[in-house]
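Q: Before we start, here is the structure in question, set down as structure tokens.
In the numbering used here, the protein residues as written are 95 to 661.
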């Protein structure tokens with residue numbers, strides 16, 4: 095075993111294993127491990143290669159042992175170990191992160207003396223650190239040092255981008271532009287999309303929009319070699335819109351696809367839609383939304399909030415905003431607290447349908463809290479909720495599992511003389527079934543007779559499915575038979591639900607009976623039905639019965655398609 099107290103030098107294979115093990119440890123920071131590293135270095139036992147050495151330095155630095163990494167590095171150096179630039183770069187990066195400028199300068203000075211010649215990454219680390227520290231003249235001096243014939247290193251695009259961004263951030267935009275000229279003329283170093291993005295961003299911030307457009311034109315010429323991306327266009331479109339130059343923003347949108355094969359995204363469209371809404375040009379905003387959907391660009395909650403906010407400001411919530419809100423919900427866009435706040439502020443002098451649209455939308459997205467806020471606003475506006483309002487609220491709180499609120503709204507509904515309809519009952523029954531309270535669901539179902547509200551296929555299907563899931567297949571069969579007695583036709587979902595229950599109890603004879611009924615009624619099984627039956631009947635050796643059912647399915651479908659009057 096090797097320990098910090100060892101005096102003998104381990105062989106090469108053992109040393110390699112020890113170094114690899116320490117590099118792979120999650121937390122190589124315990125004193126024993128750190129002392130062992132230093133001890134081995136003093137014994138002229140070094141990491142076998144630069145990759146492993148770099149990994150060890152990185153691991154120590156990431157776990158807050160920068161001083162130990164420094165000691166280990168210098169023990170290896172002083173004992174004559176090989177030091178390469180990647181190892182120095184790893185240590186320099188961490189020293190920059192903890193702002194240990196003294197040791198950064200010392201290490202950089204040392205590199206030339208022990209053969210770890212600085213490379214382009216080394217200079218990049220230094221320049222990045224100097225730019226972040228606002229020591230821009232020092233950073234430019236480092237660039238000059240790189241540019242000298244004896245440096246052996248040429249600055250690359252990343253170096254120039256770092257410097258240009260630093261200069262622009264300090265308000266030295268003209269110096270940044272001069273550096274761009276130097277980049278191309280003195281170093282034959284091509285700017286890229288990052289270079290362009292830096293200039294566009296800073297020119298827009300300083301409202302030099304025409305200059306930004308000129309830079310875009312100059313750097314997007316075929317011989318520039320710069321590939322434009324969506325972020326660059328989005329930055330410039332935002333700057334143009336902020337300055338009220340909406341038509342220029344639209345022109346840039348058209349230019350994206352026509353000239354540069356660059357697809358606009360939701361940020362592009364949201365920026366323009368927001369600008370046109372604020373400019374009270376809702377027709378153009380709506381046209382952009384249509385184009386957005388046509389081009390299959392994702393419509394998100396920002397789009398929704400932008401539109402709703404614009405319409406509410408103009409008092410148009412009853413005419414457009416709620417319709418848009420409903421459409422967005424259908425498209426899968428989830429409203430947030432900003433949507434709700436905006437809508438509530440805009441809900442003045444509108445009808446109950448607008449409120450119902452919003453409550454239903456929040457219910458679909460399981461936002462019972464927001465649905466409740468809209469309900470309160472209805473009362474403040476002097477409007478009384480109707481059956482649609484209450485049904486949506488009941489649905490929202492069923493989904494939230496808050497059945498005390500469900501009871502509250504049901505009682506409020508009755509007290510206000512608002513009679514629950516079949517949809518209300520279906521919502522209640524479905525809510526209790528999903529919550530695992532089949533007993534309460536059945537009580538509500540039986541109360542429908544007293545209220546003289548006839549149940550429909552959907553309600554029976556919900557109950558049959560819940561009975562089967564609760565191992566009450568006999569109750570499910572009774573419900574199915576009751577449907578037949580009341581001339582309520584089951585649909586494919588009803589049959590599938592009961593087939594699942596029969597399968598779990600291996601009641602094949604009853605299944606065969608229902609399969610025949612299904613065929614006679616012209617109810618075509620779907621892939622879920624066939625999956626249930628195939629997985630069951632083939633296992634119990636009733637493949638022939640399954641084949642006949644499939645044949646009946648084809649015959650029935652043919653009869654229905656041909657308009658056979660006997661079916």
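Backbone N, C-alpha and C fix where the C-beta goes; we use that ideal spot for every residue, glycine too.
Can you give me the Cβ contacts of residue 300 inside the same chain, cut-off strictly under 7 Å, excluding the 5 residues immediately before and after it?
A: So the list reads 267, once near-sequence residues are dropped.
Q: So, with DSSP's three-state summary, where would you put residue 549?
A: Three-state result, residue 549: coil.
Q: Could you compute how far the alpha carbon of residue 634 sits from the alpha carbon of residue 594?
A: Straight-line Cα distance between these residues: approximately 15 Å.
Q: Taking residue 500 as the reference, give the member of 515, 306 and 521 with the closest Cα.
A: The residue with the shortest Cα to Cα distance from residue 500 is 521.
Q: Identify the continuous alpha helix (DSSP H) that holds residue 609 and give its terminal residues.
A: Segment 602 to 614, the alpha helix (DSSP H) holding residue 609.
Q: Whole angstroms is fine: what's the gap from residue 238's alpha carbon to residue 334's?
A: Roughly 37 Å between the two C-alpha positions.
Q: Rounding to the nearest angstrom, what Cα-Cα distance links residue 558 and residue 510 in this structure?
A: Whole-angstrom Cα-Cα distance: 32 Å.
Q: Looking at residue 152: is its Cβ nearer than 9 Å to the Cβ of residue 184?
A: Yes, these two residues count as a Cβ contact at 9 Å.
Q: For residue 201, which residues in the same chain have their Cβ closer than 8 Å to its Cβ, ignoring the five residues on either side in sequence?
A: Excluding sequence neighbours, residue 201 sits near 182, 185, 186 and 189.
Q: So, under 8 Å CB-CB, residue 291 and residue 325 are touching, yes? Tell me the CB distance rounded to an integer number of Å.
A: Residue 291 to residue 325, Cβ: 6 Å. Contact.
Q: Using CA atoms only, rank isn't needed, just tell me which of 367, 236, 308 and 484 is closest to residue 212.
A: Measuring from the Cα of residue 212, the nearest candidate turns out to be 236.
Q: Near residue 597, what residues of its chain come up, given a Cβ to Cβ distance below 7 Å and the 5 sequence neighbours on each side ignored?
A: For residue 597, where only same-chain residues beyond five positions count, the Cβ hits under 7 Å are 626 and 630.
Q: Kindly confirm or deny that the region 556 to 571 and the region 524 to 533 touch, where touching means at least three C-beta pairs closer than 8 Å.
A: Contact between the region 556 to 571 and the region 524 to 533 is present, because at least three Cβ pairs lie under 8 Å.
Q: May I ask which residues mark the beginning and end of the alpha helix (DSSP H) holding residue 391?
A: It is not in any alpha helix (DSSP H) - residue 391 carries neither H nor E in the DSSP assignment.
Q: Under a Cβ-count criterion, where at least 16 other Cβ atoms within 10 Å of its own Cβ denotes burial, should residue 535 be classed as buried or exposed?
A: So residue 535 counts as buried.
Q: Residue 473: buried (16+ other C-beta within 10 angstroms of its C-beta) or exposed?
A: Classification for residue 473: exposed.
Q: Cα separation between residue 308 and residue 274?
A: Their backbone Cα atoms lie some 14 Å apart in a straight line.
Q: Of all the options 460, 264, 553 and 286, which has the alpha carbon lying nearest to the alpha carbon of residue 517?
A: Cα-wise, what sits closest to residue 517 is 553.
Q: Could you check how far apart the C-beta atoms of residue 249 and residue 283 are, in whole angstroms? I think they sit under 8 Å.
A: Yes, they are in contact, since the Cβ atoms of residue 249 and residue 283 sit about 7 Å apart, within 8 Å.
Q: My understanding is that residue 223 touches residue 240, with C-beta atoms under 8 Å, so please give their C-beta distance in whole angstroms.
A: The pair is not a contact, with the Cβ atoms about 15 Å apart (cut-off 8 Å).
Q: Give the range of the alpha helix (DSSP H) segment to which residue 308 is assigned.
A: 303 to 313 is the extent of the alpha helix (DSSP H) around residue 308.
Q: Quick check on residue 546: buried or exposed, where buried means 16 or more other Cβ atoms within 10 Å of its Cβ?
A: Per the 10 Å Cβ criterion, exposed.
Q: By the 10 Å Cβ neighbour count, where 16 or more other Cβ atoms means buried, how is residue 548 classified, buried or exposed?
A: Counting Cβ neighbours within 10 Å, residue 548 comes out exposed, since fewer than 16 surround it.
Q: Taking only three categories from DSSP, how would you classify residue 320?
A: Coil.
Q: Among 640, 363 and 393, whose alpha-carbon lies nearest the alpha-carbon of residue 343?
A: Comparing Cα-Cα distances from residue 343 to each of 640, 363 and 393, the minimum goes to 363.
Q: Just the Cα atoms here: how many angstroms apart are residue 331 and residue 156?
A: Looking at the two C-alpha atoms, the distance is approximately 40 Å.
Q: What is the DSSP secondary structure of residue 636, counted as helix, strand or coil?
A: Looking at residue 636 - three-state DSSP - the assignment turns out to be coil, as it is neither helix nor strand.
Q: Short of 6 Å in beta carbon distance, which residues of its chain neighbour residue 294, apart from the five on each side in sequence? Order them along the chain.
A: If we look at residue 294 and ignore the five residues flanking it on each side, its Cβ neighbours are 306, 326, 329 and 330.
Q: Using only CA atoms, which one of 280, 615 and 195 lies nearest to residue 581?
A: Residue 615 is the option with its Cα nearest to residue 581.
Q: In angstroms, rounded to a whole number, what distance separates the CA positions of residue 310 and residue 357?
A: Answer to the nearest angstrom: the Cα atoms are 17 Å apart.
Q: Report yes if the CB atom of residue 620 is closer than 9 Å to the CB atom of residue 590, and no otherwise.
A: Yes; because the gap between Cβ atoms is below 9 Å, this pair is in contact.
Q: Using only the alpha-carbon positions, how far apart do residue 160 and residue 154 sit?
A: Spanning the two alpha carbons is a distance of roughly 6 Å.
Q: My assumption, with CB atoms under 8 Å, is that residue 251 sits in contact with residue 289. Please give the rounded CB distance.
A: Confirmed, about 7 Å.
Q: What are the boundary residues of the alpha helix (DSSP H) that residue 512 is part of?
A: Element bounds for residue 512: n/a, residue is neither H nor E.
Q: Quick one: using the 10 Å Cβ neighbour count with 16 as the cut-off for buried, is residue 89 buried or exposed?
A: Here the chain comprises residues numbered 95 to 661, so residue 89 is not present and cannot be evaluated.
Q: At the level of alpha carbons, what is the spacing between residue 684 and residue 623?
A: No answer is possible for residue 684: the residues shown for the chain start at 95 and end at 661.
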